[in-house]
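In this note's numbering, the protein residues as written are 4 to 323.
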């Protein structure tokens, strides 16, 4: 292929600086949600509240028109009565919030309501949103990402403060450590590689009813990356029963193929022995000295040196 300079020349109209995973207001996070606290306005600008014919779920904004949520939130793919709210900190009292109706709901075709496997769904808003200090997308964990047990994660939502309890009017946040799948499976016996778990052994902190579909995120450097989608648990915040989440990194291909235009970012770490996409072992960040190179767009080779500037690639693909 052509040298990197020529590749950038040909692709200049398709590149834009990455904005995902970086709250514009850069607010401090504190320690929904059970055992948490109220979130500051703008702290989690990708948080979405879903009103599904009066039922509450969460979601995350992944670009200006698409939302990632949980399959179990949707008994059908009818968009009637589904409204999404973005930029909210306090329900019905957030001056920076906007709402949208939904034009399409895509539930993972292999979702199993009995085992909770593949508990992911995509929602296309009827019209795109403009990014603001209070509305911006999260980064998605790339295929091959590893979140070892003990990794600090955060979960956010408007769900109940205890199992079967009342729901708050203000967005809640709580930090929970990742629990490795082997340990988690000893509690549930149905944990698959499509799931990731998080919670304290002693309990007390967790997502709960109404948080379903919302994001579990980890921070790497200054970038927030969504590792999980709130899925299920044994009630909420019980000892030895961590919350279970759909593992976002397992769905990079599925998400990409369902969006007619890719305009979100899967951060990835560059391995010196593995430089070509898509064989690249994708992780959380890339070292500043790495050379990121792959052939992907009409035969052009694109190279990015380091990670001070990461780019989105806009690629038109079929809506499968």
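Glycine is no exception: its CB is placed at the ideal position from the N, C-alpha and C atoms.
Straight-line gap, residue i to residue j (C-alpha atoms, nearest Å)
i: residue 148; j: residue 120; result: 19 Å
i: residue 129; j: residue 88; result: 13 Å
i: residue 143; j: residue 221; result: 10 Å
i: residue 215; j: residue 224; result: 27 Å
i: residue 179; j: residue 244; result: 12 Å
i: residue 228; j: residue 51; result: 16 Å
i: residue 97; j: residue 25; result: 20 Å
i: residue 123; j: residue 92; result: 24 Å
i: residue 116; j: residue 207; result: 26 Å
i: residue 133; j: residue 68; result: 9 Å
i: residue 170; j: residue 219; result: 19 Å
i: residue 28; j: residue 49; result: 13 Å
i: residue 153; j: residue 239; result: 19 Å
i: residue 256; j: residue 199; result: 18 Å
i: residue 79; j: residue 23; result: 30 Å
i: residue 232; j: residue 190; result: 19 Å
i: residue 246; j: residue 176; result: 14 Å
i: residue 251; j: residue 155; result: 16 Å
i: residue 194; j: residue 44; result: 35 Å
i: residue 181; j: residue 95; result: 33 Å
i: residue 163; j: residue 259; result: 32 Å
i: residue 188; j: residue 66; result: 33 Å
i: residue 111; j: residue 230; result: 17 Å
i: residue 114; j: residue 197; result: 11 Å
i: residue 184; j: residue 131; result: 37 Å
i: residue 157; j: residue 118; result: 24 Å
i: residue 284; j: residue 186; result: Low confidence applies here, because residue 284 scores a pLDDT of 29, under 50, leaving its location unreliable and the question unanswered by this model.
i: residue 322; j: residue 192; result: Confidence in residue 322 is poor, its pLDDT being 32 and thus under 50, which makes the residue's placement unreliable; the coordinate value appears in the next sentence. Taking the straight line from one Cα to the other gives about 35 Å.
DSSP beta-bridge partners of residue i
i: residue 223; result: 226
i: residue 235; result: 247
i: residue 127; result: 69, 107
i: residue 257; result: Residue 257 is not bridged to any residue.
i: residue 88; result: 52, 102
i: residue 132; result: In DSSP, residue 132 forms no bridge with anything.
i: residue 47; result: Per DSSP, none; premise fails for residue 47.
i: residue 159; result: 176
i: residue 23; result: DSSP output for residue 23 lists no bridge partner at all.
i: residue 58; result: 55
i: residue 143; result: 229
i: residue 64; result: 70
i: residue 41; result: 175
Selection from the options that minimises the alpha carbon distance to residue i
i: residue 75; options: 240, 41, 249; result: 249
i: residue 146; options: 254, 154, 207, 237; result: 254
i: residue 56; options: 68, 64, 81; result: 81
i: residue 99; options: 114, 141, 46, 85; result: 46
i: residue 102; options: 64, 113, 77, 112; result: 64
i: residue 137; options: 197, 86, 42, 78; result: 42
i: residue 226; options: 210, 140, 114; result: 140
i: residue 106; options: 86, 113, 95, 118; result: 86
i: residue 61; options: 201, 44, 126; result: 126
i: residue 104; options: 112, 111, 83, 90; result: 83
i: residue 53; options: 38, 77, 39, 40; result: 77
i: residue 39; options: 174, 113, 114; result: 174
Whole-number beta carbon distance between residue j and residue i, since they are thought to touch under 8 Å
i: residue 236; j: residue 161; result: Not quite, the Cβ-Cβ distance comes to about 17 Å (not below 8 Å), so this is no contact.
i: residue 205; j: residue 151; result: Actually they do not touch by this definition, with Cβ atoms about 20 Å apart.
i: residue 234; j: residue 73; result: 6 Å
i: residue 159; j: residue 217; result: 6 Å
i: residue 166; j: residue 211; result: 6 Å
i: residue 109; j: residue 261; result: 5 Å
i: residue 90; j: residue 135; result: 7 Å
Closer than 8 Å to chain D by CB, residue i
i: residue 72; result: No chain D is part of this structure, which consists of one protein chain only.
Distance cut-off 7 Å: residue i Cβ against heavy atoms of the ligand SAM
i: residue 217; result: Absent from the structure shown: the ligand SAM. Ligands present: none.
Review point. Hey, which unbroken runs of the alpha helix (DSSP H) at 4 residues or more fall wholly within the stretch 174-228?
Key: Qualifying alpha helix (DSSP H) stretches, in chain order: 184-191.
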